[in-house]
Amino acid sequence: MATFQLDIVTPEKTIYSGDVEQVQAPGADGGFGVLARHQPMLAALAIGQVVFTQADGTNHKLAVSGGFANVSGDGMTVLAETAEMAQEIDIERARVARDRARSRLSDRGQVDMDRAQAALSRATWRLRTCGAE
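Position 66, counted from 1, in the sequence shown is what the working numbering calls 73; the numbers after and before it change by one each time, with no gaps.
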């Protein structure tokens with residue numbers, strides 16, 4: 008299968024840079040997949056999971072909390088607000104964040120519901136990405 012360059016970067020660091028066969032990403036308007044020679048596009052990313060397959064067939068998962076994906080003739084660049092490879096996710100920290108968000112959502116007092124829902128979504132996707140939920 009043909010490969011293309013994938014770069015996944017956050018404001019803090021480069022998470023991944025290398026050749027891949029395919030990428031699946033959580034677009035703001037729905038999930039999408041990219042193969043080599045894909046039409047150029049720019050897409051907003053939702054909170055969710057990016058899955059990519061390296062040239063040797065190895066699959067990798069990472070949790071992202073939004074950002075953008077740019078597909079061009081040179082490859083694909085994911086500019087994520089935050090991104091964590093599955094094996095780097097602190098499961099206990101993600102569970103604490105999920106439980107805290109659930110508690111804030113059930114309180115309904117002085118809570119910013121959109122912010123609490125986003126926190127719950129981020130924590131849930133982190134747990135799903137590392138296989139803990």
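Each residue gets a CB set at the ideal place from its N, CA and C atoms; glycine is no exception.
Leaving aside the five residues that flank L112 on each side, the residues in its chain whose CB is nearer than 8 Å to its CB run, in chain order, V118, M120, A123, Q124, L127. Assigned with DSSP and collapsed to three states, I98 falls in helix. The continuous beta strand (DSSP E) containing A76 extends over residues 66-79. Residue state for A62 is assigned as coil, using DSSP reduced to three classes. Between the alpha carbons of A101 and R133 lies a distance of about 7 Å. Residue environment for Q94: exposed (fewer than 16 other C-beta atoms within 10 angstroms of its C-beta). When only Cα atoms are considered, V27 and V57 end up about 13 Å apart.
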